[in-house]
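Okay, structure coming up:
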């Protein structure tokens, strides 16, 4: 459950670092704004798609996906889609534990993802600083 507290913070940090990288890379306000708007639209599309996919799997309507695929769908949705907030509702988390084999390890996977995302945010921020220094 610690990952649920960290995921929104690391996700916002990564998005902010990526936004700074976009701002440092693209010249001019128009191109910069279009690139950031495209990033936001892609991110929203990913969130909606993962949410629908995870819900479809949990309802049993996703045919042809094995246990590993279902685990990956729910884990990626928790990490990227809703930041693990759906896992705070213990009824849903209990359903995940009962439906998905090794669903107990979902919290560990989200914690590892949040640590990797924090490291990536740090790397992207360093890259944005270097890109900004090259421009000036």
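Numbering (this note's numbering), first residue to last: 61 to 196. For glycine and all other residues, C-beta sits at the position ideal for the given N, C-alpha and C.
Within the segment 103-159, the complete alpha helix (DSSP H) segments of 4 residues or longer fall at 127-136, 150-159, listed in chain order.
Short of 6 Å from the beta carbon of residue 107, and not among the five residues preceding or following it, lie these beta carbons of its own chain, in chain order: 141. Here residue 66 has 174 as same chain residues with Cβ atoms under 6 Å from its own Cβ, once five neighbours each way along the sequence are excluded. The three-state secondary structure of residue 74, taken from DSSP, is helix. For the pair of segments examined, the segment 134-150 was found not to touch the segment 179-196: the number of CB pairs separated by less than 8 Å stays below three. In the three-state DSSP reduction, residue 99 falls in the helix class (H, G or I).
Here the alpha carbon of residue 137 sits roughly 5 Å from the alpha carbon of residue 110. The criterion of a C-beta distance shorter than 8 Å is satisfied by residue 156 and residue 134.
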